[in-house]
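Trainee: So for the sequence shown, UniProt numbering puts the first residue at 1; every next one is plus one. Even for Gly, the Cβ is constructed at its ideal location relative to N, Cα and C. Bear in mind that the values here come from a model prediction, so they are computed numbers and not experimental data.
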Amino acid sequence: MFQILPVIAASYFNLTTLPVEMWSTILKYLDPLSLLDVARSTTYLFNVCQGDPMLRKQLQRGLKEETNLAIDLIANPRKILIAKRRLLAKKAFHNVFERKENFTNILKRKASRDLEDNRRPTKKVKLCRI
């Protein structure tokens, strides 16, 4: 029961604790697309953005940018493929480094085990040609 209470408190967080002037000052630092996302999150923040003329202009710029991006993607679907390839390349590049780190950790563990066991070095047998 007590583990659920923080989740409930976080979901009903009261955004009106800050005055409108502070919210407008904070929101002025966002770029147009981020401001558009924030304004869509709650009606209170949307009303704050609509009340400030500078934020209202920034919202309009964000809407224009969003529609232009959508039109570009519809007109040129190759951009979607390029973006997906870049994302896949980043994931693959990241996975290569993870594997390399895991491999070096395995080698270090194996070397430390060999030192702990104090094993004798094995004799090398030379193969002779017939």
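So what does DSSP say about Leu55, is it helix, strand or coil?
Mentor: Here Leu55 sits in helix by DSSP.
Trainee: Return the residue from the list Pro77, Leu73, Asp72 and Glu65 that minimises the CA-CA distance to Leu34.
Mentor: Reading off the sequence, residue 34 comes out as Ser, not Leu. Considering only alpha carbons, the answer is Glu65.
Trainee: Run through DSSP, which three-state label would Met1 get?
Mentor: Low per-residue confidence applies at Met1: pLDDT is 37, beneath 50, and the placement is therefore not dependable, though the value from the model is reported in the following sentence. Met1 carries a coil assignment under DSSP once its states are collapsed to helix, strand and coil.
Trainee: Under the rule that 16 or more other beta-carbon atoms within 10 Å means buried, what is Leu27, buried or exposed?
Mentor: Burial call: buried.
Trainee: Under a Cβ-count criterion, where at least 16 other Cβ atoms within 10 Å of its own Cβ denotes burial, should Thr17 be classed as buried or exposed?
Mentor: exposed
Trainee: Using CA atoms only, rank isn't needed, just tell me which of Ala70, Trp23 and Leu59 is closest to Tyr44.
Mentor: Trp23
Trainee: Just curious, the alpha helix (DSSP H) that Asp37 is in, first and last residue?
Mentor: Pro32 to Ser41
Trainee: From which residue to which residue does the alpha helix (DSSP H) around Leu18 run?
Mentor: Where Leu18 is concerned, there is no enclosing alpha helix (DSSP H), given that its DSSP letter is neither H nor E.
Trainee: Quick one: using the 10 Å Cβ neighbour count with 16 as the cut-off for buried, is Leu36 buried or exposed?
Mentor: Buried, because 16 or more other Cβ atoms sit within 10 Å of the Cβ of Leu36.
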